[in-house]
Every structure is written in structure tokens, then in C-alpha cells.
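In our numbering, the protein residues as written are 19 to 173.
Quick reminder that beta carbons are idealized off the backbone N, C-alpha and C, glycines included.
Model, not experiment: these values are computed from the prediction.
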């Protein structure tokens with residue numbers, strides 16, 4: 019019985035060990051997961067419900083906690099709530115950029131929820147942002163973008 023209890027623990031330790039050794043993150047990318055990040059718990063709940071409609075599993079975190087989550091998991095996509103000035107999640111950009119450089123691809127895909135319309139380039143956003151979805155957050159606006167970016171990542 020003790021051996022059975024240790025197996026899952028060993029698997030977790032091995033997976034974390036692979037991450038710390040910078041093993042190819044493509045092997046560890048979980049396209050069924052979407053990291054939902056923002057300061058507003060209400061917005062995170064709304065976005066998480068939309069993610070679930072796409073048949074995906076949301077992980078809802080504050081910007082501070084999301085940095086910790088990204089050390090052990092590479093989600094298929096990240097949805098960032100930029101807040102009033104699009105800067106609420108700026109501290110995560112370098113971590114996301116590092117994950118993308120290691121993979122050699124644009125993974126995970128990043129969606130910014132913004133109060134302003136435009137492209138990432140026209141809004142002067144980080145090159146890490148793949149798509150901008152204008153608030154208010156609705157299923158009709160966000161779900162097709164999530165589905166498209168997850169589909170691109172899988173191919």
C-alpha cells in the first residue's frame with residue numbers, strides 16, 4: 019500500500035524536475051487547460067464559465083498566483099484581464115515570454131481582455147499578446163478566440 023501512495027507523488031516530483039531542467043515544454047503543454055488571470059474575481063468567474071463552454075478546464079488565478087502556477091504548468095492558453103489600463107498582468111509577461119522562447123513556438127497563446135479595441139500592435143502591447151478581446155466580456159466575443167488559438171496550438 020505505501021508504494022501505491024508514493025507513485026503519484028514521484029510522478030509529480032519527476033514532472034517538476036523536468037520543468038526545472040528546461041526539458042522541451044511541448045511535452046508538458048496541457049491544451050485542455052486555460053489559465054484565467056485577473057485582479058477581479060468576478061471577471062475571472064465569467065471568463066472561466068466561457069472557457070468551460072469550449073470544453074476546456076479553467077484555472078483561475080490572481081496575477082501574483084499565476085506566476086507560481088506557470089512554474090509547474092504550461093496551459094494551452096492564457097486569458098489576461100488587463101484591467102482599466104491593460105497593465106494589471108504586466109508582471110507575467112516576462113515569464114510567458116520565457117515559456118515561449120523555450121518552446122520555440124507561440125505557446126501558450128495569450129488573450130488580453132481590454133477596455134480598448136485594436137490589435138496588440140496598435141495598442142502598444144507586449145509581443146506576447148496574440149489577441150485582444152474588448153470588454154464587456156461576452157461568450158460571443160471571447161469563445162471563438164479561445165477556440166481558434168487552442169486549435170492553432172494543437173496543430
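List the endpoints of the continuous beta strand (DSSP E) containing residue i.
i: residue 147; result: It is not in any beta strand (DSSP E) - residue 147 carries neither H nor E in the DSSP assignment.
i: residue 155; result: Careful: residue 155 lies outside any beta strand (DSSP E) and carries neither H nor E.
i: residue 93; result: 92 to 99
Have a look at residue i and residue j and give me their C-alpha separation to the nearest angstrom.
i: residue 55; j: residue 122; result: 23 Å
i: residue 146; j: residue 116; result: 10 Å
i: residue 100; j: residue 169; result: 24 Å
i: residue 38; j: residue 125; result: For residue 38, the pLDDT reaches just 44, beneath the cut-off of 50, and the residue's location in the model is therefore unreliable, although a value from the coordinates is still provided. Roughly 18 Å between the two C-alpha positions.
i: residue 163; j: residue 149; result: 8 Å
i: residue 52; j: residue 92; result: 9 Å
i: residue 155; j: residue 165; result: 15 Å
Tell me where the alpha helix (DSSP H) around residue i begins and ends.
i: residue 75; result: Counting along the chain, residue 75 falls outside any alpha helix (DSSP H), though it belongs to the beta strand (DSSP E) covering 75 to 79.
i: residue 138; result: Counting along the chain, residue 138 falls outside any alpha helix (DSSP H), and DSSP gives it neither H nor E.
DSSP puts residue i in a beta bridge; with which residues?
i: residue 117; result: Paired residue(s): none; residue 117 is not in a bridge.
What do you reckon, are the CB atoms on residue i and residue j nearer than 8 Å?
i: residue 94; j: residue 47; result: yes
i: residue 76; j: residue 82; result: no
i: residue 161; j: residue 96; result: no
i: residue 57; j: residue 106; result: yes
With a threshold of 8 Å, are at least 3 pairs of Cβ atoms found where one atom belongs to the region 75 to 87 and the other to the region 129 to 140? No, the region 75 to 87 is not in contact with the region 129 to 140.
Hey, is the region 56 to 63 in contact with the region 136 to 143, meaning 3+ C-beta pairs nearer than 8 Å? No, the region 56 to 63 does not touch the region 136 to 143.
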